[in-house]
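When you number the sequence shown by the numbering used here, it's gap-free, plus one each residue, and the end is 158. To start, the structure under review is shown below, and the notes come after it.
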Amino acid sequence: VGPKDLPRVLRTVGIWTGKARRMARDFQKALDQYAKEAEIDDVKKAVETPLKAKKAVAAAVDPTGTLKKELEDTGREMQENMKVRDEPEATAQAAPSERARASGDT
53 VGPKDLPRVL
63 RTVGIWTGKA
73 RRMARDFQKA
83 LDQYAKEAEI
93 DDVKKAVETP
103 LKAKKAVAAA
113 VDPTGTLKKE
123 LEDTGREMQE
133 NMKVRDEPEA
143 TAQAAPSERA
153 RASGDT
């Protein structure tokens, strides 16, 4: 290559080197993206698997949802009964102390 053609040759080599670097960088990005997607898919599967199992069990045990509603109603009734049961005890415990105050005042 003569001195007259040297700048043109170096420019062409530089252009091709830049293209090769861009191609290598794009290839690396594609591989990184693929690896990232694969990891995300693995995490997604790890999370979805127990959720699917939970839904499958719920569908097998209570397909219509009536059992859940009945259990919630029973739980509410039990809480109400406990409140009603505890109220007379609280009144009975307060009564002796009121009697003691009343007897102390007379």
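C-beta: ideal position from N, C-alpha, C; glycine also. No experiment lies behind these values; they were computed from the predicted model shown.
Straight-line Cα distance separating residue j from residue i
| i | j | result |
| --- | --- | --- |
| threonine 118 | aspartate 125 | 10 Å |
| alanine 105 | valine 113 | 12 Å |
| glutamate 89 | alanine 110 | 31 Å |
| lysine 107 | lysine 96 | 16 Å |
| arginine 77 | tyrosine 86 | 14 Å |
| glutamate 129 | leucine 123 | 10 Å |
| threonine 158 | glycine 127 | Low local confidence applies: a pLDDT of 49 at threonine 158 is under 50, so the model's placement there is unreliable, with the coordinate-based value given in what follows. Computed Cα separation, rounded: 47 Å. |
Check: residue i C-beta below 7 Å from any heavy atom of the ligand SAH
| i | result |
| --- | --- |
| lysine 88 | In terms of ligand content, the structure shown is empty, and the ligand SAH therefore cannot be addressed. |
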